[in-house]
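Line by line, the protein sequences give chains R and P. Counting from 0, one number per residue, gives the positions in the first sequence under numbering that gives the first Met the number 0. Counting from 0, one number per residue, gives the positions in the second sequence under numbering that gives the first Met the number 0. Contents: one structure, followed by commentary.
2 protein chains.
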Amino acid sequence: MKRIEKIVTIGSGNVATHLAIALKGAGKEILQIYSRTSENAKSLADKTGAEFTNDPMEVRDDADIYIIAVSDDALPVVAGNIDFKNNFVVHTSGSAPMDILKVSSENYGVFYPLQTFSKTRNVDFSEIPVCIEANTFVNGERLKNLAISLSGDVRFVDSEKRKVLHLAAVFASNFPNFMYSVAQMITEDNSLDFNILKPLILETAMKVQDMRPTAAQTGPAIRGDEKIMKMHIEMLEKYPEFQKLYEVLSEMIGRESGKTTG
Amino acid sequence: MKRIEKIVTIGSGNVATHLAIALKGAGKEILQIYSRTSENAKSLADKTGAEFTNDPMEVRDDADIYIIAVSDDALPVVAGNIDFKNNFVVHTSGSAPMDILKVSSENYGVFYPLQTFSKTRNVDFSEIPVCIEANTFVNGERLKNLAISLSGDVRFVDSEKRKVLHLAAVFASNFPNFMYSVAQMITEDNSLDFNILKPLILETAMKVQDMRPTAAQTGPAIRGDEKIMKMHIEMLEKYPEFQKLYEVLSEMIGRESGKTTG
Numbered sequence: 000m001k002r003i004e005k006i007v008t009i010g011s012g013n014v015a016t017h018l019a020i021a022l023k024g025a026g027k028e029i030l031q032i033y034s035r036t037s038e039n040a041k042s043l044a045d046k047t048g049a050e051f052t053n054d055p056m057e058v059r060d061d062a063d064i065y066i067i068a069v070s071d072d073a074l075p076v077v078a079g080n081i082d083f084k085n086n087f088v089v090h091t092s093g094s095a096p097m098d099i100l101k102v103s104s105e106n107y108g109v110f111y112p113l114q115t116f117s118k119t120r121n122v123d124f125s126e127i128p129v130c131i132e133a134n135t136f137v138n139g140e141r142l143k144n145l146a147i148s149l150s151g152d153v154r155f156v157d158s159e160k161r162k163v164l165h166l167a168a169v170f171a172s173n174f175p176n177f178m179y180s181v182a183q184m185i186t187e188d189n190s191l192d193f194n195i196l197k198p199l200i201l202e203t204a205m206k207v208q209d210m211r212p213t214a215a216q217t218g219p220a221i222r223g224d225e226k227i228m229k230m231h232i233e234m235l236e237k238y239p240e241f242q243k244l245y246e247v248l249s250e251m252i253g254r255e256s257g258k259t260t261g
Numbered sequence: 000m001k002r003i004e005k006i007v008t009i010g011s012g013n014v015a016t017h018l019a020i021a022l023k024g025a026g027k028e029i030l031q032i033y034s035r036t037s038e039n040a041k042s043l044a045d046k047t048g049a050e051f052t053n054d055p056m057e058v059r060d061d062a063d064i065y066i067i068a069v070s071d072d073a074l075p076v077v078a079g080n081i082d083f084k085n086n087f088v089v090h091t092s093g094s095a096p097m098d099i100l101k102v103s104s105e106n107y108g109v110f111y112p113l114q115t116f117s118k119t120r121n122v123d124f125s126e127i128p129v130c131i132e133a134n135t136f137v138n139g140e141r142l143k144n145l146a147i148s149l150s151g152d153v154r155f156v157d158s159e160k161r162k163v164l165h166l167a168a169v170f171a172s173n174f175p176n177f178m179y180s181v182a183q184m185i186t187e188d189n190s191l192d193f194n195i196l197k198p199l200i201l202e203t204a205m206k207v208q209d210m211r212p213t214a215a216q217t218g219p220a221i222r223g224d225e226k227i228m229k230m231h232i233e234m235l236e237k238y239p240e241f242q243k244l245y246e247v248l249s250e251m252i253g254r255e256s257g258k259t260t261g
């Protein structure tokens, strides 16, 4: 079973960038970065000692794996435009089924790092769970070896389960982050320093590393403190949509409390 | 100006517990714990070497400060039942005005630690921002000295601003925690391990320690990925209220994206 050493990455967004840099750091050779857009991809190629191309016909044919890290919309287009010559091809999407790559190669799979990536922020890949899937046992083992060179938490997850994880991740990450935005807006609109909330934000996330979220819930809604909730709703008068959001979420939290205690 | 060394705490909930233990750890003397309910308070009295009483007439009159850490509903009752003999009295509420203590003593203030407390979890008080307020300059300085013996972040915040911080804290902590509960429910209902989401939860909170939340936003809604959002909404069919929540939050995030780019 040939180890994966030579890699072509396709895409130059957040995931492609962090992944290519981490793979390089793990001693892998990034042969080439392919991307339709040039600027990001060139800078990523420089950082990883890779070639760059924006021509699908110029994608090299001597890599051990082709990692497609593009948006779900672009995925079928990219997969269809490049001739992978039956080399091993994987995508990094949370929601696209593995079989979307069936037309591209006889050897295919998925490498989904379950994390939120922003270009300006470094991540420690060893802490990132990686969900993998492959069309054959041998491809699965090759992909697993690649994944464990980066991460301490590698799991085989099929396409259906991966889709569910992606949905759960929206609630675990994207929605909480939006709540932080609202908190920032409320503080800044009142000439208050958002920084004062940062230890609270961090502790809230730290708590659920050890406790069940339902047990970690605090605040007026779980206490059933109607007076405070009424006051908060009045204070949100200037922001009708956040007012409605506050009401709806407080009701849901209140019902959760009812479920756990009664 | 007499330093605050001898303390009576009133209440035995999460805040009272963590605060009394932290004050003891900072070398202060906890004279007495008063609480209407006995069990928690007795255990807290044991931990801090304090006396315990559940009789408001038995509250000692020789403390430098009386810290009332009870629910907002109980606050006026407690404040009215105890004769503080014009000693220094503070409450720990995010939302109750300072003046609620005016009837209790000529010396009063607020000591509001901006954090989420759960009994089973230890906290490092030095990392917790403390918002203080007092009715006179001297009381303010005394309270400040007490607060900096615990925390590296002590700020004077008046009652109006503190109320706003409390509201923002609901969005910064209580609502994100509820989102974690939903994520846990989605994973567990599908026989998936919630633990796989924990690094994502933590990184999402870590990101906004350095980045603005609006800049840190990722996921289908900010990308405008209608196909994924539609699929997620279909997947939530079994949970109509979370389905609605997903739609509403995604719309809000989408509008936020419109605001930043257009």
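Backbone N, C-alpha and C define an ideal beta-carbon position, used for all residues, glycine too. In this text the structure is predicted, and so the values were computed from the model without any measurement.
Between the CA atoms of residue j and residue i - distance to the nearest angstrom
i, j, result
"alanine 62 (chain R)", "isoleucine 3 (chain R)", "8 Å"
"isoleucine 262 (chain P)", "glutamate 126 (chain P)", "What the structure shows of chain P is the stretch from 0 to 261, and residue 262 (chain P) is not part of that stretch, so it cannot be assessed."
"histidine 231 (chain R)", "alanine 73 (chain P)", "19 Å"
"alanine 182 (chain P)", "aspartate 82 (chain P)", "48 Å"
"threonine 260 (chain R)", "alanine 220 (chain P)", "Confidence in threonine 260 (chain R) is poor, its pLDDT being 42 and thus under 50, which makes the residue's placement unreliable; the coordinate value appears in the next sentence. About 35 Å."
"serine 42 (chain P)", "alanine 215 (chain R)", "21 Å"
"valine 137 (chain P)", "serine 190 (chain P)", "59 Å"
"asparagine 194 (chain R)", "glutamine 208 (chain P)", "8 Å"
"threonine 36 (chain P)", "asparagine 53 (chain P)", "7 Å"
"isoleucine 29 (chain P)", "threonine 8 (chain P)", "8 Å"
"lysine 226 (chain P)", "proline 75 (chain R)", "14 Å"
"glutamine 242 (chain P)", "valine 129 (chain P)", "38 Å"
"leucine 142 (chain R)", "glycine 26 (chain R)", "16 Å"
"lysine 237 (chain R)", "serine 256 (chain P)", "20 Å"
"leucine 244 (chain R)", "asparagine 106 (chain R)", "46 Å"
"lysine 229 (chain R)", "glutamate 202 (chain P)", "33 Å"
"histidine 90 (chain P)", "valine 169 (chain P)", "19 Å"
"isoleucine 99 (chain R)", "glutamate 187 (chain P)", "27 Å"
"alanine 40 (chain P)", "methionine 210 (chain P)", "41 Å"
"methionine 97 (chain P)", "lysine 46 (chain P)", "29 Å"
Nearest-angstrom Cβ-Cβ length linking residue i and residue j, presumed shorter than 8 Å
i, j, result
"proline 239 (chain R)", "asparagine 176 (chain P)", "Wrong, their Cβ atoms sit about 24 Å apart, outside the cutoff."
"leucine 350 (chain R)", "alanine 204 (chain P)", "Summary: the structure shown does not reach residue 350 (chain R), with chain R confined to residues 0 through 261, and so no result is reported for it."
"asparagine 13 (chain R)", "lysine 118 (chain R)", "6 Å"
"serine 70 (chain P)", "arginine 222 (chain R)", "7 Å"
"arginine 147 (chain R)", "isoleucine 66 (chain R)", "This sequence places isoleucine at residue 147 (chain R); arginine is not what is there. That belief does not hold up - the Cβ atoms of isoleucine 147 (chain R) and isoleucine 66 (chain R) are roughly 16 Å apart, past 8 Å."
"isoleucine 200 (chain P)", "alanine 171 (chain R)", "5 Å"
"isoleucine 32 (chain P)", "phenylalanine 51 (chain P)", "5 Å"
Under the three-state DSSP convention, the category residue i falls into
i, result
"tyrosine 238 (chain R)", "coil"
"glutamate 233 (chain P)", "helix"
"proline 112 (chain R)", "strand"
"glutamine 216 (chain R)", "coil"
"threonine 260 (chain R)", "Only weak support is given to the placement of threonine 260 (chain R): the predicted model assigns it a pLDDT of 42, under 50, and the question is left unresolved by the model."
"phenylalanine 83 (chain P)", "coil"
"arginine 141 (chain P)", "helix"
"isoleucine 32 (chain P)", "strand"
"isoleucine 3 (chain R)", "coil"
"alanine 49 (chain P)", "coil"
"glutamate 132 (chain P)", "strand"
"threonine 8 (chain P)", "strand"
"asparagine 106 (chain P)", "strand"
"arginine 120 (chain R)", "coil"
Option nearest residue i by Cα separation, candidates the options
i, options, result
"glycine 24 (chain R)", "R:Asn121, R:Glu246 and R:Asn134", "R:Asn121"
"aspartate 152 (chain R)", "R:Met184, R:Glu140 and R:Pro112", "R:Pro112"
"serine 11 (chain P)", "P:Ser172, P:Phe116 and P:Phe87", "P:Phe116"
"lysine 1 (chain P)", "P:Leu201, P:Phe87, P:Leu18 and P:Ile9", "P:Phe87"
"aspartate 157 (chain P)", "P:Ser94, P:Gly223 and P:Ala49", "P:Ser94"
"alanine 49 (chain R)", "R:Thr16, R:Met210 and R:Pro96", "R:Thr16"
"phenylalanine 110 (chain P)", "P:Val102, P:Glu140 and P:Asp123", "P:Glu140"
"threonine 217 (chain R)", "P:Leu244, P:Val247, P:Ser180 and P:Glu233", "P:Ser180"
"phenylalanine 124 (chain R)", "P:Asp224, P:Pro198, P:Leu248 and P:Ser249", "P:Pro198"
"phenylalanine 174 (chain P)", "R:Met234, R:Asn173, R:Ser249 and R:Lys206", "R:Ser249"
"lysine 206 (chain R)", "P:Gln114, P:Pro96 and P:Val102", "P:Gln114"
"glycine 79 (chain P)", "P:Asn144, P:Thr47, P:Ala68 and P:Val102", "P:Val102"
Problem - Inter-stretch contact (C-beta, 8 Å, three-pair minimum) for the region 147 to 166 of chain P and the region 126 to 145 of chain R - result: no
Handout entry: Inter-stretch contact (C-beta, 8 Å, three-pair minimum) for the region 52 to 59 of chain P and the region 144 to 151 of chain P
Key = no
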